[in-house]
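Undergrad:
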């Protein structure tokens, strides 16, 4: 794990060796050398090539061993076969960090993959920091440093950008240069053999030059680490990520691209949400958000004032606000009175404030002042269509907005609709730090993201919960079942394990005969449930091997006979232990399902839904990654659409939600404690007004 | 209703009078005159002003009465108070069509609204065609006609555009001019006192210059007419509409904007869907789709070949395809073999075809040829990132794509990522008729829309169904209930009405005493249902006034006593007629809900869902506007998420879907026949494997 200071050699090198820089300007090494010189980098540059021939007027070394010791950074531009040898020599000097631009590693198949594994191992053994392979390098405009293959350079700004895909790096540079935006750090991650998104977040969270972190990723290998680092980072500054490879076609393509397997989208979405990462919906959205966060403050709440000189775009903006989490409230009475004094009688004073076509730059100035000073509003969206009088003074409106922003603590974004006629004004706004969009939708989306970030950063601390539990007992149950070769715990063992976590399980007795069953039922108290007991039978419900609501010994005995003979018929090879006699769940109850499975990248993913068709058919499921905090559990229950049922909607029963929250938290604890349990399903959990029981459960051993 | 030929005076005038054109270049009338002259209009121009002073070198008339008779078109640029008088004089001449640019009508409040009503009436009485008021006018580049207030003109193209909002008109012109796109017709509808979206669709459907119709709307006043016209139009050419005002904030804003009430979004969505209208998600989407349809053929199916020189954007594109309705299939074996012969070993040959960074223009040419000729693919998306070798020949790649498109019947769209470095190539593609987007998401969206349009245009004819019914009987039931002042039909009457439509209702008998009830139950056959009968009690279920599954006379008598005494207690003012004895619905059944309500704009909106929480809580409802065709009914049932339940999922019963389709069609027929029924709910409809019965129903009289 690399700390902030340890990455200094990479981002703030005092000296850089370029391995493979020749006099041929088409060689990658020579391109890097030229980029370093052209960007105005002030540190020392040491080209290395076998012939020791001069590169761009700089004396070159003919061997890596000749480079000064403790050189900070080496950029390696060799064929893949030569890379490992070079890294070994560099480590001996030592050189502290390296960028491997060469391709031909994990992205090319098995042989390349093995090469990459070697590289990672070497980094681990020597402590050398390695970016790449198969990457473009990086830029740090604070040091006028362009240690990359990209001829396009960037000006200094406060956006840090990293990307797994080199193509997206180029796109980001192109966008930034045409929009006049700059970067604080610009990083092409490539195959991420050593340095990953998590390492970058850890560094950039503490980078004083960086206000907002933006990235493109396909896979995150170290999910749980990412989750922690991203959470810590988003509490300080916004993190915007675009993730590709979320559908099966995309995942197939991503796997062909970098040789990586993409994890389940559900787990990624949960991770981003729990870590407070803003997920960009597409490339354009990523850039739009980056720009908004780079130059605007966060609003204190969701209330947006929309100021426009045309109705249609105002309506579109109001629609978009409501589709997001923003509100379009009425101005205060005093603001309305004030606006009445200078707006035309046909103007709409409410919100959107439609100043109608007669509006001039002066009208904009007065209206902006009025809404900025109105405590009702947390942020302002200014829309302009170049019609009527204002067409001649579009740039003056831009200046009016910039002046208003000077004295406003509230974020302001603009939308100037149109092409050539407003391009000058757009540039003015952009250069003055006001994001100006072509269409209202993107402007509202930015305000929505800013608002979300404020809500996230001002949230309460999560309440961590630790339950009493008997881990040793739980582990021994799992170990025993493993030893006798079971892939799934038998129900009674699963119950014992659940009890070790103090999960509420119904009283259950194994009965080998109907007589024993009747005796057990008498003790437990009617009505009871009867289920087949067999280590080989898992889906009892589907096979008709459960009888519920048995009220008398007669009913119980009949059910015992039916179930055991049906099991003998339907599951010929199963060893039938007998039947379980179980207390019924609470009356006036609802059935819910709580489960977890292990995601390859992120670990245990806990899910919650109502029973029956709610999960698989209706998709009404909420998910979070373990470990859950109390607020996670609360959100999970309230997030499903069917939640009102649990609150007693439709004259039904309102159940004990606290009890369900506890079960979710205990299950999360269990998933974290016992990695041997691959999957678990608690279904149904029968929840009533005074508590819940886990009536049935299945646990698969990995 | 205006036919195609009747709008000729508006769109193809041989002579135009400008009412209110003075020598002051700031006067709207003078702006229109200057626009007409500057656009190169060849017809006659007659300025009119009170002083009779010359306008831009053209002799003016001092009174409307002096204009030559049978002048085609008048553009009225007067104050609102003067408009009606002018229209009256114009009608006397007669002048066949008028454009009223003046604002100060319905958008300004009650007085303006009355003025607008007068204008509409005048148009109706005189047969004059009137565009506006409160509009910018129109353009017809075929005639070099700019009869509008907009100084920006458009070149000739094949996109027709109309908009309720003037601001959106300006935005569209700006967009078109900066993208080099042209319009066939360009229309600002304004307040739509006379000419509406439907009139425009009717005209543009037959306009040989128009290939694709694009519009922005907030409200559609003549919903059912729109539905018919739009359906007929979309069978001939694509119609793309952006609708604003769909959320309550947006609707509030729209209502302040044009004084119109926006209808329920649900009805609009149903209307657009049933009419085959493509709904744009935002302004940018509207323009992107317009451009794609204007220059590309429709694909024959959903299979897209993605050709790229960089992995990331290819993954994003594949993701987007799957999120839409497109497929990313493997190329055929022969194509794979062919590509192997010229692509690098690390290239990904499957789909996306990632030619990797080494690709040159020549690689693009060969790969494009291979996938175009492969029968597996219906359309092609070409992605370029300006990296490595291809950076120097980006424009050559554009030429390669244009050449490939020449000989390809399949649609091709491009995505060139980046800023300045690819702008020349983008312009080349655009001018050559290949849409080129900045980001892959928009490119895929366009292919998705083209594919959808092909599917729509090649769909089967809808199967119209007409059921036997006794309208006279139904009408007399409604009339009788109205006469005695009921707002809701009593249950037995509702049943009689349902029977008149041959809806399957359970046998039902009104029993005034428990003796009568027992006699009725004996005839019907146990088990039976017992319900309170009272004209004042409507929500029987919620009040506990229904008992089901009564198996014996004892149970029946007890239930009779309970229900009637509970009703007497809980509904003190209700007149209790007795109880209804009803046959039970089929066993092994599922409950569904079928209902309709009248939308202000579109008329009856039929809804379908499963019973219980599915409709209001889970929102799992499908809706269509009446009249339903058979395929509509089939789609409605299959569209809800819970559909698998009706097919017998989870070891449940598979029910008779045909019977449900019939009920939907009969309900649609009822809604169309009987406008007096404001709302009706058939809930539950109990559907079993061999038929269904409508067990309960409520009908509200308007």
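Residue numbers (full-length UniProt numbering), protein chains in the order written: chain R, 1 to 702; chain V, 1 to 702. Backbone N, C-alpha and C define an ideal beta-carbon position, used for all residues, glycine too. This one's a predicted model, so the numbers in the text were calculated from it and none came from an experiment.
Could you spell out the range, first to last residue, of the beta strand (DSSP E) harbouring residue 139/V?
TA: In the second chain, the residue the question calls residue 139/V occupies position 139. Counting along the chain, the beta strand (DSSP E) containing residue 139/V begins and ends at 137-140.
Undergrad: With a cut-off of 8 angstroms, does the C-beta of residue 283/V fall near any C-beta of chain R?
TA: Walking along the second chain from the start, residue 283/V turns up at place 283. Closer than 8 angstroms: yes.
Undergrad: Would you mind giving the Cβ-Cβ distance between residue 589/R and residue 606/R, rounded to the nearest angstrom? I have them listed as a contact below 8 angstroms.
TA: Here the question's residue 589/R lines up with position 589 in the first chain. Here the question's residue 606/R lines up with position 606 in the first chain. Between residue 606/R and residue 589/R the Cβ distance is about 22 angstroms, and since that is not below 8 angstroms, they are no contact.
Undergrad: So residue 174/V contacts chain R; which residues on that side make the cut at Cβ distance below 9 angstroms?
TA: Here residue 174/V refers to the residue found at position 174 of the second chain. Simply 386, 417, 418, 419, 420, 421, 422.
Undergrad: Taking all protein chains shown into account, do 16 or more other C-beta atoms lie within 10 angstroms of the C-beta of residue 261/V, making it buried, or fewer, making it exposed?
TA: As a working note, residue 261/V is residue 261 in the second chain. Any reading at residue 261/V is ruled out, since the residue's pLDDT is 43, under 50, leaving its predicted position unreliable.
Undergrad: Going along the chain, which residues of the region 641-675 of chain V sit with their C-beta nearer than 8 angstroms to a C-beta in chain R?
TA: Cβ contacts with chain R: 641, 642, 644, 645, 649, 650, 651.
Undergrad: Return the residues of the region 613-643 of chain R that lie within a Cβ-Cβ distance of less than 8 angstroms from chain V, sorted by chain order.
TA: Per Cβ criterion, the list reads 613, 617, 618, 619, 620, 641, 642.
Undergrad: Considering only DSSP beta bridges, list what residue 156/V is partnered with.
TA: As a first step, residue 156/V must be located in the second chain, where it is residue number 156. In the DSSP output, where bridge partners are listed per residue, residue 156/V has 183/V.
Undergrad: So is residue 561/R buried or exposed if we call it buried at 16+ other beta carbons inside 10 Å?
TA: Here residue 561/R refers to the residue found at position 561 when the first chain is read from its first residue. Residue 561/R comes out exposed.
Undergrad: Which residues, in chain order, does the region 321-335 of chain V contribute to contact with chain R at a C-beta distance below 7 angstroms?
TA: Cβ contacts with chain R: 321, 322, 323, 328.
Undergrad: Three or more beta-carbon pairs under 8 angstroms between the region 216-232 of chain V and the region 287-304 of chain R, yes or no?
TA: Output reads no: the region 287-304 of chain R does not touch the region 216-232 of chain V.
Undergrad: Using a Cβ-Cβ cut-off of less than 9 angstroms, list which residues of the region 452-484 of chain V approach chain R; keep chain order.
TA: Going along the region 452-484 of chain V in chain order, one finds no residue with a Cβ nearer than 9 angstroms to chain R.
Undergrad: Taking residue 74/V as the reference, which of 645/V, 546/V, 44/V has the closest Cα?
TA: As a first step, residue 74/V must be located in the second chain, where it is residue number 74. Ranking the options by Cα distance to residue 74/V, first place goes to 44/V.
Undergrad: Opposite residue 590/V in the DSSP bridges: which residues?
TA: As a position in the second chain, residue 590/V is number 590, starting the count at 1. DSSP output for residue 590/V lists 687/V as bridge partner(s).
Undergrad: Tell me the rounded alpha-carbon separation between residue 746/R and residue 496/R.
TA: This structure leaves residue 746/R out entirely; chain R is present only between 1 and 702.
Undergrad: Per the DSSP calculation, residue 692/R is bridged to which residue(s)?
TA: Looking up residue 692/R in the first chain gives position 692. In the DSSP output, where bridge partners are listed per residue, residue 692/R has 687/R.
Undergrad: Residue range of the alpha helix (DSSP H) that residue 670/R falls in?
TA: Reading the first chain from its first residue, position 670 is the one you call residue 670/R. Looking at the DSSP string, the run of the alpha helix (DSSP H) that includes residue 670/R is 657-673.
Undergrad: By the three-class DSSP mapping on this structure, what secondary structure does residue 215/R have?
TA: Working through the first chain from its first residue, we reach residue 215/R at position 215. Strand.
Undergrad: Scan the region 273-307 of chain R for residues whose Cβ lies nearer than 7 angstroms to a Cβ of chain V and list them as they occur along the chain.
TA: Within the region 273-307 of chain R, the residues whose Cβ lies closer than 7 angstroms to some Cβ of chain V are 282, 283, 284, listed in chain order.
Undergrad: List the residues of chain R whose Cβ lies closer than 9 angstroms to the Cβ of residue 107/V, in chain order.
TA: Counting from one through the second chain, the residue named residue 107/V turns up at place 107. Chain R residues near residue 107/V: 311, 346, 356.
Undergrad: Does the count of Cβ pairs from the region 408-421 of chain R and the region 430-442 of chain R closer than 8 angstroms reach three?
TA: They touch, by the three-pair rule.
Undergrad: Are the C-beta atoms of residue 178/R and some chain V residue less than 8 angstroms apart?
TA: Sequence index remark: in the first chain, residue 178/R carries index 178 (1-based). It does: the Cβ of residue 178/R has a partner Cβ on chain V nearer than 8 angstroms.
Undergrad: One question on the structure: do residue 42/V and residue 144/V come within less than 8 angstroms of each other, judged by their Cβ atoms?
TA: As a first step, residue 42/V must be located in the second chain, where it is residue number 42. As a first step, residue 144/V must be located in the second chain, where it is residue number 144. Cβ distance < 8 angstroms, so residue 42/V and residue 144/V count as in contact.
Undergrad: Would you tell me roughly how many angstroms separate the C-alpha atoms of residue 549/V and residue 564/V, rounded to the nearest one?
TA: As a working note, residue 549/V is residue 549 in the second chain. As a working note, residue 564/V is residue 564 in the second chain. Whole-angstrom Cα-Cα distance: 18 angstroms.
Undergrad: For the putative contact between residue 677/R and residue 486/R, defined by C-beta atoms under 8 angstroms, what is the C-beta separation to the nearest angstrom?
TA: Residue numbering aside, residue 677/R sits at position 677 when the first chain is read from its first letter. Residue numbering aside, residue 486/R sits at position 486 when the first chain is read from its first letter. With a Cβ gap of about 12 angstroms, residue 677/R and residue 486/R do not count as contacting.
Undergrad: Count the other CB atoms within 10 Å of the CB of residue 467/V; is the residue buried (16 or more) or exposed (fewer)?
TA: The sequence position of residue 467/V within the second chain is 467, counting from 1. By the 10 Å Cβ count, residue 467/V comes out exposed.
Undergrad: Within a Cβ cutoff of 7 angstroms, which residues of the same chain sit near residue 687/R, ignoring the five residues on either side of it in sequence?
TA: Counting from one through the first chain, the residue named residue 687/R turns up at place 687. Here the set comprises 589, 590, 592, 655, 656, 659, 660.
Undergrad: Would you mind reading off the limits of the beta strand (DSSP E) that contains residue 582/V?
TA: Start at 1 with the first residue of the second chain, and residue 582/V comes out as number 582. Looking at the DSSP string, the run of the beta strand (DSSP E) that includes residue 582/V is 578-583.
Undergrad: Would you check if the region 185-193 of chain R and the region 130-150 of chain R touch, i.e. whether three or more CB-CB distances between them fall below 8 angstroms?
TA: Short answer: they touch.
Undergrad: Determine the burial state of residue 454/V: buried for a count of at least 16 other Cβ atoms within 10 Å of its Cβ, exposed for fewer.
TA: On the second chain, position 454 is the one that residue 454/V refers to. Counting Cβ neighbours within 10 Å, residue 454/V comes out buried, since at least 16 surround it.
Undergrad: With residue 121/V as the anchor, note down where its alpha helix (DSSP H) starts and where it stops.
TA: The residue given as residue 121/V occupies position 121 in the second chain. Run containing residue 121/V: 110-126, per the alpha helix (DSSP H) assignment.
Undergrad: Would you check if the region 7-27 of chain V and the region 47-66 of chain V touch, i.e. whether three or more CB-CB distances between them fall below 8 angstroms?
TA: Yes, they touch.
Undergrad: Just to confirm before moving on: does the CB-CB distance between residue 302/V and residue 278/V stay below 8 angstroms?
TA: Within the second chain, the letter at position 302 stands for residue 302/V. Within the second chain, the letter at position 278 stands for residue 278/V. It is not a contact, given that the beta carbons lie outside the stated cut-off.
Undergrad: Give me the residue from 182/V, 662/V, 159/V, 357/V with the minimum Cα distance to residue 204/V.
TA: For the purposes of this step, residue 204/V is identified with residue 204 of the second chain, where counting begins at 1. Ranking the options by Cα distance to residue 204/V, first place goes to 159/V.
Undergrad: When the Cα atoms are used, what is the spatial distance from residue 744/V to residue 668/V?
TA: Absent from the model: residue 744/V. The displayed extent of chain V is 1 to 702, so no value can be given.
Undergrad: To the nearest angstrom, how far is the alpha carbon of residue 6/V from that of residue 333/V?
TA: Translated into positions along the second chain, residue 6/V becomes position 6. Translated into positions along the second chain, residue 333/V becomes position 333. Distance between the alpha carbons of residue 6/V and residue 333/V is about 57 angstroms.
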